[in-house]
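What follows is a set of notes on a single structure, which appears directly below.
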Amino acid sequence: MNDLEVRVRAICQAHENNRTRLMDIVNAVQNEFGYVPGCALDAIAKECGTQRVAVQSLVSFYAFHSELPKGRHVIRLCNDIVDQFQDVQAVADAMVDEAGVPFGQTTPDNLLHLEWTPCIGMSDQAPAAIVDDVIFPRLTPAKAKALVKALKAGKSCAELAGRTGDGNNSHRLVKSAVHNNLRLRGDVIFADYHPGSGLAKALAMSPAEVVRDVKTSRLRGRGGAGFPTGMKWDFARQTDNRNKYVICNADEGEPGTFKDRVILTECPELLFDGMTIAGYATGSAHGILYLRAEYAYLKAFIEDLLAKRHKKGLLGKDVAGKTGFNFDIRIQMGAGAYICGEETALISSCEGRRGDPKNRPPFPAQKGYLECPTIVNNVETFCCAARILQEGPGWFAQKGSKGSPGTKLLSVSGDCEKPGVYEVPFGIQLQDLLEMVGADHPAAVQIGGPSGSLVGKAEFNRTICYDDLATGGSVMIFNQKRDVLKIAMYFLDFFIEESCGYCTPCRVGNVLIRERLGRFLNGTAESADLDYLTRLGTTVKFMSRCGMGQTSPNPVLTTLKNFPDAYRSRVKERKDKFQPTFDIGAALVDSQALAGRKSVHF
Amino acid sequence: MAKPKVATASLAGCFGCHMSLLDIDDRILKLIDLVDFDKSPVDDIKEFTGPCRIGIIEGGCCNEENVRVLRDFRKHCDILIACGDCATMGGIPAMRNTIPLKECLDEAYLNGPTVYNPQKILPNDKELPLLLNRVYPCQEVVKIDYFLPGCPPSADTLWQALVALLGDKPVELPYELIKYD
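So the protein lines, in turn, are chains A and B. In this text, residue positions in the first sequence follow this note's numbering: the first is 1, and each later residue adds one. In this text, residue positions in the second sequence follow this note's numbering: the first is 603, and each later residue adds one.
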């Protein structure tokens, strides 16, 4: 057995050779060696009693895992649309210039590897990059050049992180240059909260009463889909399985969303209270915080807090003195896969598998993690639940709008003066929000990220709530200089890249949509293409297996609906009877060169 | 009222679809009652004499002549049918699409195991239409209204499609007629 195998074995044994902890094992191997070599795949499979292909398929699935060495420092530059409009290309060019290799490649000395990555949750401080788990926000070409230069000179990322940001970003366990950009504190999430107070109130009630309170508050899921939280908890509570799980979805991958980042930095105790309350209400002893790999810089800080809660008796056996109620929370790190934000894919990932979505029903509340009843809620939802228990369901229900009680955290980015996190009551008019954030000649606003909708000026009088403009938090503002078709194209590229590939409508349909959308951008579209896009988009929406596929054509469908002129103005009807995409000149180039004569017909 | 006119052409195809059309047997007499043929190998009319109701295209486009003819059909025909697998998808001729044109010609005229060409001449008479860089199915070149799959589509398929179109009825072919395996 060689040295590498010994080290891999040690990693597996540290995780008790548990096949369901394959994510942690592979993450650890990846961190230790910088990649997961073939012999490590074999060693892991052997130790954990599974097949090599199971390990390999996991490694091949996640963007942060690699089967080939990528160099000592991997620079992941975010190419989200907001970054693109902030000229991330100039930053990229500066990096390429200094590193001497293009994106997707490693320097010959195996020191640096450059690659693009989708939204890393820093749209309010774009352009941003991650290098070795350290965030480098607000990059300029000069800063990027200096960063690469310093890495080449042997500096570590921690040394180069720069001045730490506000709030807990300067905490000794975070030490990140990230800014909170917390622009507006509301009454629910970012109000003063004494850790443990909501939990104490909950533990004084029976689990059924806790569920009743959450139901009475009419709290709905904050991740975007808006399922009634109390109902979900009730489903799980009523199952008689002994093992139940509470999972917090902190895989905040929807482009343009970064509110959970601020919660995790500034009020994680509120979240842990909420998760513990959920554990109590549903009869679960196990909590999992699924943290996206991009937020690894917060891991030590969160782990430390969890340890402190243990000491204080807020986690572990007989939580807060409540005899018989045991609850623990572990962190499950992701590895760069947008689809894992979808709850069943997230569960697959927690189980040590590829992040493939599962069929529903059975719903996770009946059969989820390891086939046990599982509730999966958004970070913000758990926080709301803790506050509801603290202040009472009536207090919560009277906030916000009729069908959407409470406040909502919005992650505002793009063309505005004050990008950042805003806690606003539900029912706020888009127009008012745009004024508040200092939007600069807004022409289009993407609500709810790529899977939401792009709305134009005519709809700025609409309100943000579940019944009108639903959003998991992402609000991207685009001024009149931005091309809505390019925005749609970027989002479509994103979905194609992030599709798990399981079902055909999503895997193939979106590629066909992209091809047709491309015709509008390269001037070969005809009016029939409008109808084609609508029909194909509707099919993909209707036929896809999970929430991602079902929303993936939204960038095209909503722009077709709200910005028809952006499409129509690009339609060119040809008079020569050829299809717009047919180029007879190009088709004859080779032949004319070979034959040494020109076409007599064309 | 004059009978509607039908035109047909075989582009990069093997004439198999036309043969299949002849397989309608005695129904060809009924067809002659229903329509007149304009430009078609059936009557050997070389150029269109006027507008036609239906154009049937066999084969895709492998050279400039095919493109010219196909566009001529689109200009003259109200309804254009891509008939058979070559017209709809490129078919056998499209097997060359993954190989650069020069390599195809070299293999066919210089390097092939059965080639005898001591003077190493590649055919290049100015009468020969120039080849396209690849073989295009018809709908990539002009708009096509109907697609009849099959290699070839059976006589019954062709007959039923034609009768429906000529009678202004929707083309609803039973499963048996468009199933090929």
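A virtual CB, placed ideally from N, CA and C, is assigned to each residue, including glycine.
{"Query": "Identify whether A/Arg570 lies in helix, strand or coil by the three-state DSSP scheme.", "Result": "coil"}
{"Query": "Compare the Cα-Cα distances from B/His620 to each of B/Glu778, B/Tyr777, B/Ala766 and B/Leu750 and report the closest residue.", "Result": "B/Leu750"}
{"Query": "Could you tell me the boundaries of the beta strand (DSSP E) in which A/Ile130 lies?", "Result": "Ala129 to Val131"}
{"Query": "So what does A/Asp328 bridge to, in DSSP terms?", "Result": "A/His286"}
{"Query": "How about A/Asn562: is its Cβ closer than 7 Å to a heavy atom in the ligand MN?", "Result": "This structure lacks the ligand MN, and indeed carries no ligand of any kind."}
{"Query": "Measure the C-alpha to C-alpha separation of A/Arg309 and A/Val319 and round it to an integer number of angstroms.", "Result": "10 Å"}
{"Query": "With C-beta atoms as the reference, is A/Leu184 less than 8 Å away from A/Glu423?", "Result": "yes"}
{"Query": "Classify A/Phe103 as helix, strand or coil using the three-state DSSP reduction.", "Result": "coil"}
{"Query": "Here's the rule: buried if 16 or more other CB atoms are within 10 angstroms of the residue's CB, otherwise exposed. What is A/Arg292?", "Result": "buried"}
{"Query": "Residue ranges of each alpha helix (DSSP H) run of no fewer than 4 residues wholly in the stretch 453-508 of chain A, ordered along the chain?", "Result": "484-498"}
{"Query": "What are the start and end residues of each continuous alpha helix (DSSP H) run of 4 or more residues lying completely inside the stretch 52-87 of chain A, in chain order?", "Result": "52-61 and 81-85"}
{"Query": "Going along the chain, which residues of the stretch 639-671 of chain B sit with their C-beta nearer than 9 Å to a C-beta in chain A?", "Result": "Cys663, Asn665, Glu666, Glu667, Val669 and Arg670"}
{"Query": "Mind pulling the chain A residues with CB within less than 8 Å of B/Lys677?", "Result": "Lys577"}
{"Query": "Would you mind reading off the limits of the alpha helix (DSSP H) that contains B/Ala629?", "Result": "Checking the displayed sequence, the identity of residue 629 of chain B turns out to be Arg instead of Ala. Element bounds for B/Arg629: Arg629 to Leu636."}
{"Query": "Quick one: which chain A residues come within Cβ less than 7 Å of B/Lys704?", "Result": "Leu594"}
{"Query": "Counting only Cβ pairs nearer than 7 Å, list the residues of chain B close to A/Phe602.", "Result": "Glu666"}
{"Query": "For A/Val101 and A/Leu111, which I take to be in contact (beta-carbon distance under 8 Å), what is that distance rounded to the nearest angstrom?", "Result": "Not confirmed; about 10 Å, so no contact."}
{"Query": "Is DSSP giving A/His171 helix, strand or coil here?", "Result": "coil"}
{"Query": "Return helix, strand or coil for B/His620, following the three-state DSSP convention.", "Result": "helix"}
{"Query": "Going straight from the alpha carbon of A/Ile496 to that of A/Val511, what length do you get?", "Result": "7 Å"}
{"Query": "Just checking, does the stretch 246-254 of chain A make contact with the stretch 285-301 of chain A on the three C-beta pairs under 8 Å criterion?", "Result": "yes"}
{"Query": "Measuring only the C-alpha atoms, how far is B/Gly752 from B/Cys688?", "Result": "9 Å"}
{"Query": "Around the Cβ of A/Gln390, are there at least 16 other Cβ atoms within 10 angstroms (buried) or fewer (exposed)?", "Result": "buried"}
{"Query": "Throw me the rounded Cβ distance for the B/Cys685 and B/Glu660 pair, which I believe falls under 8 Å.", "Result": "5 Å"}
{"Query": "Which residues of chain B have a Cβ atom closer than 7 Å to the Cβ of A/Ser527, listed in chain order?", "Result": "Those do not exist, as A/Ser527 stays about 12 Å from chain B at its closest Cβ, beyond 7 Å."}
{"Query": "For a minimum of 4 consecutive residues, which ranges assigned as the alpha helix (DSSP H) are wholly contained in the stretch 288-313 of chain A?", "Result": "299-312"}
{"Query": "Given this structure, state the Cα-to-Cα distance separating B/Pro643 from B/Pro695, to the nearest angstrom.", "Result": "21 Å"}
{"Query": "Interface residues of chain B around A/Asp583 at Cβ under 7 Å?", "Result": "Correct list: empty, because the minimum Cβ distance to chain B is about 10 Å."}
{"Query": "Distance cutoff 8 Å, beta carbons only. Does A/Arg597 sit that close to anything in chain B?", "Result": "yes"}
{"Query": "Less than 8 Å between the CB atoms is what I'm expecting for A/Ala386 and A/Ile277, so what's the real figure, rounded?", "Result": "6 Å"}
{"Query": "Specify whether the stretch 441-448 of chain A and the stretch 457-477 of chain A touch according to this definition: at least 3 beta carbon pairs, one from each stretch, less than 8 Å apart.", "Result": "yes"}
{"Query": "Quick one: using the 10 Å Cβ neighbour count with 16 as the cut-off for buried, is A/Ala92 buried or exposed?", "Result": "buried"}
{"Query": "What number of angstroms, rounded off, separates the C-alpha of A/Ser217 from the C-alpha of A/Asn359?", "Result": "30 Å"}
{"Query": "Using a C-beta to C-beta distance shorter than 8 Å, which residues of chain A count as neighbours of B/Val743?", "Result": "Phe578, Gln579 and Phe582"}
{"Query": "Which one or two residues does DSSP pair with A/Leu409 in a beta bridge?", "Result": "A/Glu423"}
{"Query": "Specify, as a first and last residue, the run of the beta strand (DSSP E) that B/Asp680 falls within.", "Result": "Cys679 to Cys685"}
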